[in-house]
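Here the working numbering is used: the first residue of the sequence shown is 20, the next is one more, and so on.
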Amino acid sequence: MTKQMSRELTRQQYLDLYYYMRLNRAVEDTMVKLFRQNKIVGGLYSSLGQEAISVGTAYTLQKKDWIAPMIRNIGALLVKGVPPRDIFMQHMAKYDSPTKGKDGTSHFGDLDNLHIVSPISMLGDLIPVMTGVAIGGRYLGQKVVAMTWIGDGGSSTGVFHEGLNFAATQKAPFVLILENNLWAYSTPVRRQVPLENLADRAKAYGIESYIVDGNNVVAVYTTAIEAVERARAGEGPILIEAKTFRRLGHAQHDPAEYVPKEMRAYWEARDPIALYEKFLTREKLLDAAGKKEIDEKLDVLLTAEREFAENSPMPPAEFAQGGVYCTGDDCHKIRAKWERSIGEVTPPKSSVKPVWTVPGFGSGRGSGGADAPIHFGDTPAVMEKPANNSRPAKVAAKPVAKGAKKARAAAASASRKARR
Ligand SMILES: Cc1ncc(C[n+]2csc(CCOP(=O)(O)OP(=O)(O)O)c2C)c(N)n1
Ligand SMILES: [Mg+2]
Numbered sequence: 020m021t022k023q024m025s026r027e028l029t030r031q032q033y034l035d036l037y038y039y040m041r042l043n044r045a046v047e048d049t050m051v052k053l054f055r056q057n058k059i060v061g062g063l064y065s066s067l068g069q070e071a072i073s074v075g076t077a078y079t080l081q082k083k084d085w086i087a088p089m090i091r092n093i094g095a096l097l098v099k100g101v102p103p104r105d106i107f108m109q110h111m112a113k114y115d116s117p118t119k120g121k122d123g124t125s126h127f128g129d130l131d132n133l134h135i136v137s138p139i140s141m142l143g144d145l146i147p148v149m150t151g152v153a154i155g156g157r158y159l160g161q162k163v164v165a166m167t168w169i170g171d172g173g174s175s176t177g178v179f180h181e182g183l184n185f186a187a188t189q190k191a192p193f194v195l196i197l198e199n200n201l202w203a204y205s206t207p208v209r210r211q212v213p214l215e216n217l218a219d220r221a222k223a224y225g226i227e228s229y230i231v232d233g234n235n236v237v238a239v240y241t242t243a244i245e246a247v248e249r250a251r252a253g254e255g256p257i258l259i260e261a262k263t264f265r266r267l268g269h270a271q272h273d274p275a276e277y278v279p280k281e282m283r284a285y286w287e288a289r290d291p292i293a294l295y296e297k298f299l300t301r302e303k304l305l306d307a308a309g310k311k312e313i314d315e316k317l318d319v320l321l322t323a324e325r326e327f328a329e330n331s332p333m334p335p336a337e338f339a340q341g342g343v344y345c346t347g348d349d350c351h352k353i354r355a356k357w358e359r360s361i362g363e364v365t366p367p368k369s370s371v372k373p374v375w376t377v378p379g380f381g382s383g384r385g386s387g388g389a390d391a392p393i394h395f396g397d398t399p400a401v402m403e404k405p406a407n408n409s410r411p412a413k414v415a416a417k418p419v420a421k422g423a424k425k426a427r428a429a430a431a432s433a434s435r436k437a438r439r
């Protein structure tokens, strides 16, 4: 199912989508400058040209819902309410960063307030984790939806398949956004997946999927809101393939010279922000004055946020060992928020005696009952206790029936033929 740009949102929602895409791009542009000034610790990734996906999908969620963003989902962090200063400080490993200078990039979460699970570098691992979050929320009666993102490359990991299968069997209220940006490092998608549409992977798990133009923020939003509502209503997990393009290299170190020029030109002409500006202007939702207002707002905000981040100290050396392991004092303080009574989800006390015996279980003969000696096929596998306690009873192998011998010979000959 593919959706087109259409007017289905309120004026404020249209403008919010625009603001967050601009904010996403401006935050990343600021970080490129910081990187070139050698102020970023570690790698710097980019979601240039993919902002409509992070923003359009995260914007469908309620405050209580959960996300687990990956490296190209800074837009989702911003929509969820993370201030730009936290993103800057995390990349700069500053003391005031969410992880107090430990780890880097966008590797942080907020389990208490914003309901953000930190990224997991091992691609695909967030799928079973977020499935767990989704079914945990259902168990607690919270009616929450969990969402995470994965790339075309990540969709070929084993855990992608295990996780999605698990989510499907559990009918988890979980939405997975597959960002097909055509590249995984220097590997084009066609060289690692024999499918035209990665959404087809959903068929293997019997779940619903959508395909959407990932550079069209309204299409992304309207598709994702439908998926989120269906998942919340109990229809099970949904996969959305958003088709897009990775405009820069894998990270700052990668000039991506392996990308064909025509491919780059094709996608540069489809910049999601430029396309959306045209739409907003055509629909009289944004004019030059409105755009200028947003330009100025972003400029003021990001100058202040960057200054705050730059002025934050580096963590003192003596803090290096703290907060690495749980000491038991200040950890595990998160408590489940029950929206159902504990009695409702606790099994009732039963007067029925548990029955563990299954007639014939384990018996090759199928008739001996649970207490009968266990036999597998024709060979008795149980040594009977000797009558006089002196020597073990002889375990006699039954002679193999003639018919069975013939059948085995025929099978062996057929297998020899097949090998030729
Ligand atoms: C299981 C696993 N294998 C390999 C890597 C190394 N790695 C990190 S990002 C990446 C490419 C990912 O490509 P894709 O999933 O298409 O995401 P994109 O970078 O295009 O957003 C690889 C191979 C990893 N982090 N985890
Ligand atoms: Mg990719």
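The C-beta atom is built at its ideal place from N, Cα and C for all residues, glycine as well.
Applying the criterion that 16 or more other CB atoms from any shown protein chain within 10 Å of the CB defines a buried residue, is residue i buried or exposed?
i      : result
Met50  : buried
Ala243 : buried
Gln31  : exposed
Phe185 : buried
Met282 : exposed
Tyr277 : exposed
Lys83  : exposed
Asp314 : exposed
Pro279 : exposed
Thr346 : exposed
Give me the Cα-Cα distance between residue i and residue j, rounded to the nearest whole angstrom.
i      : j      : result
Gly182 : Thr118 : 27 Å
Ser382 : Ile361 : In this prediction, Ser382 has a pLDDT of 47, which is less than 50 and means its spatial position is unreliable; nothing more can be read from the coordinates.
Gly151 : Leu201 : 29 Å
Ala71  : Ser116 : 26 Å
Leu28  : Val163 : 22 Å
Asp273 : Ser65  : 11 Å
Asp318 : Arg325 : 10 Å
Trp286 : Glu329 : 34 Å
Gly309 : His269 : 34 Å
Arg210 : Gly177 : 17 Å
Ile90  : Asn132 : 21 Å
Val221 : His180 : Reading off the sequence shown, one finds Ala at residue 221, where the question assumed Val. Cα-Cα distance, rounded: 9 Å.
Val212 : Ile135 : 30 Å
Pro147 : Val101 : 24 Å
Leu80  : Ala252 : 14 Å
Gly156 : Lys352 : 18 Å
Asp48  : Lys316 : 16 Å
Phe298 : Ala288 : 15 Å
Glu440 : Leu145 : Nothing can be reported for residue 440, as the shown portion of the chain is limited to 20 through 439.
Ala323 : Ile93  : 19 Å
Pro392 : Val208 : Bear in mind that the predicted position of Pro392 carries a pLDDT of just 46, short of 50, making it unreliable; the figure below should be weighed with that in mind. In a straight line, the C-alpha of Pro392 is about 57 Å away from that of Val208.
Ala284 : Thr206 : 19 Å
Ala307 : Asp290 : 19 Å
Cys350 : Thr300 : 50 Å
Gly342 : Ser137 : 16 Å
Assuming residue i contacts residue j under a Cβ cut-off of 8 Å, what Cβ separation, rounded to an integer in Å, is found between them?
i      : j      : result
Ile59  : His126 : Contact flag wrong, Cβ pair sits at about 13 Å.
Pro256 : Ile292 : In fact, because the Cβ distance is near 30 Å, the residues do not count as touching under 8 Å.
Ile86  : Met141 : That pair is no contact at about 18 Å.
Gly123 : Pro334 : Wrong, their Cβ atoms sit about 12 Å apart, outside the cutoff.
Gln69  : Thr263 : 5 Å
For residue i, decide whether its Cβ has a neighbour in chain B, counting only Cβ atoms nearer than 7 Å.
i      : result
Asn216 : Absent from the structure is chain B; it holds one protein chain and no more.
Below 7 Å between beta carbons: does that hold for residue i and residue j?
i      : j      : result
Tyr229 : Ile259 : yes
Ala19  : Leu321 : The structure shown does not extend to residue 19, since the chain is modelled only from 20 to 439, so the question has no answer here.
Glu358 : Gln161 : yes
Ser331 : Lys113 : yes
Asp171 : Ala203 : yes
Leu97  : Leu267 : no
Asp128 : Gly173 : According to the sequence as given, residue 128 is Gly; it is not Asp. Cβ atoms of Gly128 and Gly173: not closer than 7 Å.
Phe193 : Ala246 : no
Leu53  : Gln271 : no
Leu159 : Ala355 : yes
Tyr33  : Leu304 : yes
Tyr240 : Tyr78  : yes
Trp168 : Glu198 : yes
Leu36  : Val236 : yes
Glu224 : Ala250 : The amino acid occupying residue 224 in the given sequence is Tyr; Glu does not appear at that position. No, the Cβ-Cβ distance between Tyr224 and Ala250 is not below 7 Å.
Arg104 : Phe327 : yes
For residue i, is the beta carbon positioned less than 6 Å from some heavy atom of ligand 4?
i      : result
Ala203 : Of the ligands one can find in the structure shown, namely ligand 1 and ligand 2, none is ligand 4.
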